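Top to bottom, those sequences are chains A and B.
When you line the first sequence up against the working numbering, it's residues 184 to 310, in that order.
When you line the second sequence up against the working numbering, it's residues 429 to 1227, in that order.
Since the structure comes first, as structure tokens, the remarks are kept for the end.
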Amino acid sequence: MPKILVVDDEPALRFLIIASLEDEGYDLLEAEDGFQAYDLIIAERPEMVILDVMMPGLTGYELCKMLKDNPSTSKIIIILLTAKAQLKDRLASQQVGADYYLTKPFSPLELNEVVASLLQNRREIIS
Amino acid sequence: MKNNFFSTTRFIIIICTLLVIVAIVLMKSEIDGIKALFQKVALDSAKSHFNTIVIMRKWNSLHDGVYVPVTPQTEPNPYLEDPLREVETTDGMILTKVNPAYMTRLIADIANQDLDLKFHITSLKPLNPNNAADQWERQALESFEEGAKSNYGILKSGTKRDFRYMAPLKVENECLQCHAKQGYQVGDIRGGISVTMPYEPFQRAQDQAILISLSRYIILLMFAAAVGTYFGRKTIFTEKEMRKLTQAVEQSANSVVITDTEGRIVYVNPKVEEVTGYSAAEVIGKNPHILKSGEQGVEFYQEMWETIGNGKEWHGTFHNKKKNGDMFWEKASIAPVRDHRGTITNYIAIKEDITKLKEATEERERLINETRQALEQLKEVDHLKSELVNVVSHELRTPLTSILGFSELLLRKSVGEAKTKKYLTTIHNEAVRLTGLINSFLDLQKIEAGRFEFKKQCLDIGETVRNCINVYQAQSDRHALVLVLEEDIPLVWADPDRLTQVLGNLLSNAIKYSPAGGSIEVNVSSGPTAEVKIAVRDHGLGIPEDAQSTLFQPFYRVDNSDRRQIGGTGLGLAICQKIIHALGGRIWVQSVHGLGSTFTFTLPDVTIQRETNMKEEVRVAAEPFILIVEDDRSTADIFKETLATAGYTTRIVDNGPAALALAITEQMLPLAIILDLVLVGPLDGWEVLRRLKQDVRTKNVPVIISSCLEKSQEGLELGVTDYLVKPFPPDKLVESVRNAVQTANGVVELPFTTQKIEDEVKGLLESKGFAVQEIINRDDLLVIFIDSALPGKIGGDLA
Chain A
184 MPKILVVDDE
194 PALRFLIIAS
204 LEDEGYDLLE
214 AEDGFQAYDL
224 IIAERPEMVI
234 LDVMMPGLTG
244 YELCKMLKDN
254 PSTSKIIIIL
264 LTAKAQLKDR
274 LASQQVGADY
284 YLTKPFSPLE
294 LNEVVASLLQ
304 NRREIIS
Chain B
429 MKNNFFSTTR
439 FIIIICTLLV
449 IVAIVLMKSE
459 IDGIKALFQK
469 VALDSAKSHF
479 NTIVIMRKWN
489 SLHDGVYVPV
499 TPQTEPNPYL
509 EDPLREVETT
519 DGMILTKVNP
529 AYMTRLIADI
539 ANQDLDLKFH
549 ITSLKPLNPN
559 NAADQWERQA
569 LESFEEGAKS
579 NYGILKSGTK
589 RDFRYMAPLK
599 VENECLQCHA
609 KQGYQVGDIR
619 GGISVTMPYE
629 PFQRAQDQAI
639 LISLSRYIIL
649 LMFAAAVGTY
659 FGRKTIFTEK
669 EMRKLTQAVE
679 QSANSVVITD
689 TEGRIVYVNP
699 KVEEVTGYSA
709 AEVIGKNPHI
719 LKSGEQGVEF
729 YQEMWETIGN
739 GKEWHGTFHN
749 KKKNGDMFWE
759 KASIAPVRDH
769 RGTITNYIAI
779 KEDITKLKEA
789 TEERERLINE
799 TRQALEQLKE
809 VDHLKSELVN
819 VVSHELRTPL
829 TSILGFSELL
839 LRKSVGEAKT
849 KKYLTTIHNE
859 AVRLTGLINS
869 FLDLQKIEAG
879 RFEFKKQCLD
889 IGETVRNCIN
899 VYQAQSDRHA
909 LVLVLEEDIP
919 LVWADPDRLT
929 QVLGNLLSNA
939 IKYSPAGGSI
949 EVNVSSGPTA
959 EVKIAVRDHG
969 LGIPEDAQST
979 LFQPFYRVDN
989 SDRRQIGGTG
999 LGLAICQKII
1009 HALGGRIWVQ
1019 SVHGLGSTFT
1029 FTLPDVTIQR
1039 ETNMKEEVRV
1049 AAEPFILIVE
1059 DDRSTADIFK
1069 ETLATAGYTT
1079 RIVDNGPAAL
1089 ALAITEQMLP
1099 LAIILDLVLV
1109 GPLDGWEVLR
1119 RLKQDVRTKN
1129 VPVIISSCLE
1139 KSQEGLELGV
1149 TDYLVKPFPP
1159 DKLVESVRNA
1169 VQTANGVVEL
1179 PFTTQKIEDE
1189 VKGLLESKGF
1199 AVQEIINRDD
1209 LLVIFIDSAL
1219 PGKIGGDLA
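Here is the structure:
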């Protein structure tokens, strides 16, 4: 049962992401800001983090970079949720090492498929 | 240079003048000398002639006369009494005795003929009457008797001048032969011989000598005159130049100050007085530092004196003080003046008053700066606007994501009823949020375009705040919203909807920026100056000091990078500030970063509103109203208050023309008109009523007469809706107005041009359950009758 952490300061969006994924048999965790997310990641070691970029305190970019720079957390799959679809946002997502990014508004079904295929890829690589 | 030139010129002119004077004196004396010399020559010549005669006479008298043959030329002398006057020689020749006198006469005849020389022997007592003395000779003879040795002179006889000389003949022994009988004794003056010779030859020689001498002097004089004239003219020319230059300096548009080497002023031109206010008399002898303002340091003046002391020109700008204390700027150039030896004698300062120029320059710089600042601000605004686009993008996307996401889930997946409801609730809430965001934008747009409408009224602020707190308390269980309400808070004059908007904004900010929760206090107190103070205090993040001043600018958000997600558009406080200002209050923030913030605003209490009552009435236009036409102000106020309690807005006019103007020309018709019949001014109530009823636009506006006159019959004939006879109870007025408004056919006049809009309006009205009857339909005017039983304000809402 893959563990997925959903990080967004907007309760409505956390709710949407969870609603999109809840029937797929994942263990879904929630955090409302970057610091809370980091603590949960260290404690729970999720396989995937769905991370909003614009958050108070620690932004999604910063948290992503922290996780990817740390060998013990660098394997965690990270999907960034950005509000903008401009080139510089895509580049920023790549630079911090995110595995995928989605632009708001996003389709819940698309998210669902992306999550599933990323987890599938990871399992194939490991096995 | 100039001094040198002048001294040399003056010297030359003086020398020339002296030279001329000496030459003239010398010339005069030389001419006199020449004249004297030639007189002396003439005199000597005359004397020698005289002496010759005297010697010859002596010789003759020594011989006691001589005998000569008698000839026609030498007749015997008739005046000689001598027995031997004629003698006969042995050979028969008759000889006659020629005595000195006769001989003299004979010689004189020859001299006269041959030499133009006249000898005249004469006496005061002549023997020969022909020898009588002429006048000059007589005077001479008389002078001889007084002891004179001789007498001479130049005498004019006709056109020619004669030199005459005369000397006495003294009686000698020999003389007595002839003249003893006259009683002379030896040594007496018996007479004299005058010698008369023409002076012309001497005169000619003298003139020639004078001419020669004169010509020398003339050459000298001409030379001196030429030199003198040259320099003299040059001096005159220079003086003219000098006058011109002096004039130029006097009339100069610049100040000219000349000092001596000690810095004492020796000359100022009139411009100096004009500029400084000091007259020439006041400054001559003083040092120019009387003008010092003290704005410029010692080094400045030291540098100046050093420069000009070294003989160089100094250029600079003084900030000086006038006599009256005004400051002014002078651009100065100071140069030393040297004499012909090169020694500095004076300093000349030429100064230009550049105060105006300076001011103009400063003004220009100020404008440039302002423009630059404005440009910076524009850039800042531009930057903020693009920031805003980002923020808005985020703010719009967040609710949109929820709405789209949940609706997609509902469409694509089969979800249970409970979940469906939850999803739909979220969709609804997010849509509401989106609406609020859009409204914020529109509000700001309206405020910036000046189209924000305020519906001000008397408000119990405590009530409004309490309602707001209840709404926001429900949204957060982590925060405790506390109301601290002072007793006896006066009513305020404000728009309740806008006030709620401001309070809501401040409360939601307080909640948002206190993420850790805690208490949020709203403190309502009455200020000292007829105002009510509302303070919203939180214990949250606080606001850095440098951000506090820009907090109320549109699009501004503290620390964009990490607070963006806290939400909001950056417009809330800007909107709040604009609303509070429009309501006549102030808003400000006090905050300590990290410890929380207090946002405070004030509202004028209702007493302020009373003072500005009339103005407000005129300004607040687009609202349905009851028109009160009443020239007694206190009565009008009672009506107003009475109707206000019944929820009617009123407008008061005190004369007929104003009533017609307000009733007819305003965009909106009154709901009803309360009309007094007795009015001051050109139109009384009857006339106003007639005109209202004649005008197609106003004839359906209900008119209620309020009068002391009991003429209800006439009133009703003219079409009034009700006729109230004063005094009447307030209730009656309210009842009458309500009836009039409700039973009247509301008439709305709309300047619509297209059928589409007409249809829309009709559709709108009909959808609200009104029967619409179109009675006039011209291209530019549509009058719609709206059927009875309308709520009071519907006509206005439509307009």
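Even for Gly, the Cβ is constructed at its ideal location relative to N, Cα and C.
Predicted model only: the values in this text are computed from it and were never measured.
Consider the Cβ of D206(A): report whether some Cβ of chain B lies at a distance smaller than 9 angstroms. Closer than 9 angstroms to some Cβ of chain B, the Cβ of D206(A) qualifies, so yes.
Contact list for S290(A) against chain B, beta-carbon separation under 8 angstroms: Under the 8 angstroms cutoff, chain B gives L832, G833 and E836.
Contacts that S203(A) makes with chain B (C-beta to C-beta distance below 8 angstroms): Neighbours of S203(A) on chain B, chain order: G833 and L837.
How would you write the range of the beta strand (DSSP E) that T745(B) sits in, first residue to last? Where T745(B) is concerned, the enclosing beta strand (DSSP E) stretches over W742 to K749.
Minimum C-alpha distance to V685(B) - residue among K672(B), L673(B) and I762(B): From the listed residues K672(B), L673(B) and I762(B), the smallest Cα separation to V685(B) is found for I762(B).
Compare the Cα-Cα distances from A681(B) to each of Y941(B), V696(B), I736(B) and Q1170(B) and report the closest residue. Out of Y941(B), V696(B), I736(B) and Q1170(B), V696(B) has the C-alpha closest to the C-alpha of A681(B).
Cβ pair count under 8 angstroms reaching 3, the stretch 229-245 of chain A against the stretch 871-891 of chain B: Verdict: no, contact absent.
Considering only residues of the same chain and omitting the five flanking positions on each side of Y627(B), which have a CB-CB separation below 8 angstroms? So the qualifying residues of the chain are A470, I582, K588, R589, D590 and F591.
Using a C-beta to C-beta distance shorter than 7 angstroms, which residues of chain B count as neighbours of K248(A)? What K248(A) touches in chain B: nothing, since even the nearest Cβ is about 15 angstroms away.
From Q219(A), I200(A) and R306(A), pick the residue whose C-alpha is nearest to that of L241(A); which is it? The residue with the shortest Cα to Cα distance from L241(A) is Q219(A).
Roughly how many whole angstroms lie between the Cα atoms of S537(B) and M531(B)? With the sequence shown as reference, residue 537(B) is identified as Asp, and Ser is not the correct amino acid for it. Spanning the two alpha carbons is a distance of roughly 10 angstroms.
Mind listing, in chain order, the continuous alpha helix (DSSP H) runs of no fewer than 4 residues lying wholly within the stretch 230-280 of chain A? Within the stretch 230-280 of chain A, the complete alpha helix (DSSP H) segments at least 4 residues long are 243-252 and 270-278, listed from N- to C-terminus.
Give the DSSP-derived three-state secondary structure of N774(B) in the structure shown. Annotated three-state conformation of N774(B) is strand, per DSSP.
Taking one C-beta from the stretch 504-524 of chain B and one from the stretch 464-482 of chain B each time, how about it: are there three or more such pairs within less than 8 angstroms? For the pair of segments examined, the stretch 504-524 of chain B was found not to touch the stretch 464-482 of chain B: the number of CB pairs separated by less than 8 angstroms stays below three.
Anticipated Cβ contact below 8 angstroms, D712(B) with I736(B), distance rounded: Strictly speaking, residue 712(B) in this sequence is Ile, with Asp absent from that position. The Cβ separation is near 20 angstroms, so there is no contact.
Along the stretch 1068-1089 of chain B, what residues have a CB closer than 9 angstroms to any CB found in chain A? Of all residues in the stretch 1068-1089 of chain B, none has a C-beta nearer than 9 angstroms to a C-beta of chain A.
Classification of W742(B) by the beta-carbon crowding that lies within 10 angstroms, buried from 16 upward: With 16 or more Cβ atoms within 10 Å of its Cβ, W742(B) is classed as buried.
The beta strand (DSSP E) with P528(B) in it runs from where to where? Run containing P528(B): none in the beta strand (DSSP E); it sits in the alpha helix (DSSP H), P528 to L543.
What is the C-beta distance between T1126(B) and A1086(B), in whole angstroms, given that I count them as a contact (C-beta under 8 angstroms)? The pair is not a contact, with the Cβ atoms about 14 angstroms apart (cut-off 8 angstroms).
What separation, rounded to the nearest whole angstrom, lies between the Cα atoms of E458(B) and L604(B)? Rounded to the nearest whole angstrom, the C-alpha separation of E458(B) and L604(B) is 48 angstroms.
Cutting at 6 angstroms between CB atoms, please list the residues of its own chain near D191(A), excluding the five before and the five after it. Shown here for D191(A): same chain residues with a beta carbon closer than 6 angstroms to its own, the five before and five after excluded, namely R197 and D235 in chain order.
Quick one: is K271(A) near chain B, going by C-beta distance under 9 angstroms? For K271(A), no Cβ of chain B is located within less than 9 angstroms of the residue's own Cβ.
Please give me, in chain order, every unbroken run of the alpha helix (DSSP H) with length at least 4 that falls completely inside the stretch 625-711 of chain B. For the stretch 625-711 of chain B, whole alpha helix (DSSP H) runs of length 4 or above, ordered along the chain, are 628-679, 698-704 and 708-711.
A1086(B) (DSSP reduced to helix, strand or coil): Three-state result, A1086(B): helix.
Using the C-alpha atoms, what's the distance from K546(B) back to A539(B)? So the alpha carbons of these two residues sit roughly 7 angstroms apart.
What does the Cβ neighbour count give for A922(B), buried or exposed, with the cut at 16 atoms within 10 Å? Flag for A922(B) reads buried.
Could you work out which residues of chain B lie near F198(A), taking near to mean beta carbons separated by less than 7 angstroms? Taking the beta carbon of F198(A) as reference, the chain B residues within 7 angstroms of it are T854, listed in sequence order.
Alpha helix (DSSP H) containing Q730(B): first to last residue? V726 to G737 is the extent of the alpha helix (DSSP H) around Q730(B).
Within 9 angstroms of any Cβ in chain B, is that where the Cβ of E296(A) sits? The beta-carbon of E296(A) is placed no less than 9 angstroms from the nearest beta-carbon of chain B.
Distance between V1131(B) and R1118(B) (C-alpha atoms, nearest Å): When the Cα atoms are used, R1118(B) and V1131(B) turn out to be separated by approximately 11 angstroms.
As a quick exercise: from V498(B), S578(B) and F728(B), pick the residue whose alpha carbon is nearest that of K475(B). When only C-alpha atoms are compared, the closest one is S578(B).
When you compare each of L1107(B), L1144(B), P1110(B) and E793(B) to K1121(B) by their alpha carbons, which one comes out closest? When each option's Cα is compared against that of K1121(B), the closest is L1144(B).
Have a look at K750(B) and N715(B) and give me their C-alpha separation to the nearest angstrom. N715(B) has its alpha-carbon roughly 14 angstroms from the corresponding atom of K750(B).
From the DSSP output, in three-state form, read off C886(B) for me. C886(B) sits in a strand when the DSSP states are folded into three classes.
Could you check whether the Cβ of N857(B) sits closer than 9 angstroms to any Cβ belonging to chain A? Under the Cβ distance rule, N857(B) counts among the residues neighbouring chain A, one pair being separated by less than 9 angstroms.
Under 7 angstroms Cβ-Cβ, which residues of chain B neighbour A266(A)? The answer, in chain order, is S821, H822 and R825.
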